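In the numbering used here, the protein residues as written are 20 to 347.
Using N, Cα and C, we set each Cβ at its ideal position, and we do this for glycine too.
Keep in mind it's a predicted model, so treat the numbers as computed, not measured.
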Amino acid sequence: MEDFTALPDLASRALGGGVVHANDEFFAAADHLVLPSVPGHAPKTFDHKGQVYDGWETRRRRSPGHDYAIVRLGAPGVIHGVDIDTAFFTGNYPPFASIDAAALPGYPGPDELAEAEWTEILPREELKGDSSNLFPVGDGRRFTHVRLNIHPDGGVARLRVHGEVVPDPDLLPKVFDVAAAEYGGRVVDCSNMFYGHPQRMLMPGLALNMGDGWETSRRRDDANDWVLVQLAAPAKLRFADLDTSHFKGNAPGWARLTGITADGDQVELLPRTALRPDTPHRFPLLKGPEVTHARLDIYPDGGMARLRLHGRADRDALWARMRQCLEP
């Protein structure tokens, strides 16, 4: 999972991302940029402003300049790459785009953002129409907002901002879900993701359906499926939520949780335990040392809607990561 697109989309509405301001959205609202869904299109579907698009589209510029939209990241962090997706925009996509980023406290509005200090993280690059346009980002600082600049105008379906979540330790409780994507938990390896990526298990809220969780193909051997989660910080884990909601004829029969310490030692957290279909389970975990990773084994295969690992995180580690990405 070295490709940056495997990292969480920090801008996604699913993590709380939103469009704070756009200078123009005449044909289609900029809010579409951060929707987690894949862009869709219904040809020859017109409203009073023209063809309906599942994306952001500005009017044709008749003056110098360019259009832009400012996105508040749902999860602040270090950006490793972006996808400027022009799906279904063919004769009306921007020929070029660039991206700036800023790190701001609190919840600034348009006026404060206009006065902010912005850093260019993606210089002006050429775009292709009706395509996913992937660009790596090399800046290692933590950002809270990005500004998508399109030159000079046009339509973009989605903006994906992939990166590593770096939460503010001052805003975290002493005990929290250290596997949660919104705090920096992420999947680093798994045995199988045929029907659904395991990162979905770490997303906020309840799963909407089976497609909003992790599901493996049917095993035809004697092994079992598993997923390895890197925690937001080293933590002493206390409770686990194993939610099989929506998985009825395809829930795992059993599950097991193992912690991995910074030295690579394995610690049993939850012995092999029976699961029920379509059920949110909560289990107390065996007390042990701090772990940096947790491995969930399911037997023999199946689907899991959500995985929550509640514990007390190492505050020094959280602050060390925060300080590491405050400077270039």
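Mapping DSSP to helix, strand and coil, what is residue i?
i      : result
Glu21  : Caution is warranted here: a pLDDT of 47 is assigned to Glu21, below 50, making its placement in the model unreliable, and no coordinate value can be reported.
His216 : coil
Glu372 : Residue 372 is absent from the structure shown; the chain starts at 20 and stops at 347.
Val71  : coil
Gly230 : helix
Asp102 : strand
Pro129 : helix
Pro188 : helix
Tyr202 : helix
Asp335 : helix
His51  : helix
Ala61  : coil
Met222 : coil
Ala88  : strand
Arg237 : coil
Arg295 : coil
Ala9   : No answer is possible for residue 9: it lies beyond the span of the chain, which begins at 20 and ends at 347.
Leu26  : coil
Ala324 : coil
Val177 : Correcting the residue identity first, residue 177 is Arg in this sequence and not Val. In the structure shown, Arg177 sits in a strand (DSSP, three-state: E or B).
Ala251 : strand
Arg160 : coil
Arg79  : coil
How about residue i and residue j: do their beta carbons lie closer than 8 angstroms?
i      : j      : result
Val71  : Thr77  : no
Ala324 : Pro253 : no
Asp28  : Arg161 : no
Asp260 : Arg327 : yes
Phe258 : Gly321 : no
Val248 : His312 : yes
Gly35  : Gly93  : yes
Met220 : Gly232 : yes
Asp86  : Ile140 : no
Arg32  : Ile89  : no
Pro142 : Gly84  : no
Gly330 : Val194 : yes
Ser264 : Asp297 : yes
Just to check my reading of the structure: residue i and residue j have Cβ atoms closer than 8 angstroms, yes? What is that Cβ distance to the nearest angstrom?
i      : j      : result
Ala121 : Ala135 : 5 angstroms
Ile118 : Val97  : 14 angstroms between Cβ atoms; not a contact.
Ala198 : Leu276 : 11 angstroms between Cβ atoms; not a contact.
His40  : Leu132 : 7 angstroms
Glu144 : Phe115 : 7 angstroms
Out of the options, state which residue places its alpha-carbon closest to the alpha-carbon of residue i.
i      : options                        : result
Pro299 : Pro253, Ala226, Val246         : Ala226
Leu294 : Phe46, Asp208, Glu145, Ala270  : Ala270
Cys209 : Asn228, Trp75, Asp316, Thr280  : Asp316
Pro303 : Pro296, Thr292, Thr311         : Thr292
Asn42  : Asp50, Gly36, Gly35            : Asp50
His181 : Pro95, Pro296, Ser82           : Pro95
Phe23  : His60, Ile279, Asn152          : Asn152
Val246 : Asp240, Thr235, Lys255         : Thr235
Pro62  : Asn211, Trp137, Asp241, Ala106 : Ala106
Tyr126 : Gly37, Arg81, Pro155           : Gly37
His67  : Asp130, Phe46, Asp282          : Phe46
Arg237 : Asn211, Asp196, Trp75, Ser82   : Asn211
His60  : Asn111, Asp333, Asp73          : Asp73
Ala25  : Ala281, Pro155, Asn228         : Pro155
Can you determine whether any heavy atom of the ligand PLP sits closer than 7 angstroms to the C-beta of residue i, and answer yes or no?
i     : result
Pro62 : The model depicted lacks the ligand PLP and carries no ligand whatsoever.
At least 3 beta-carbon pairs within less than 8 angstroms: the stretch 305-322 vs the stretch 275-293:
yes
Meets three-Cβ-pair contact criterion under 8 angstroms: the stretch 181-192 and the stretch 40-56
no
Are at least three pairs of beta-carbons, each pair with one atom in the stretch 156-170 and one in the stretch 202-216, less than 8 angstroms apart?
no
Tell me, please, whether the stretch 163-178 touches the stretch 201-212 by the rule of three or more beta-carbon pairs shorter than 8 angstroms.
no
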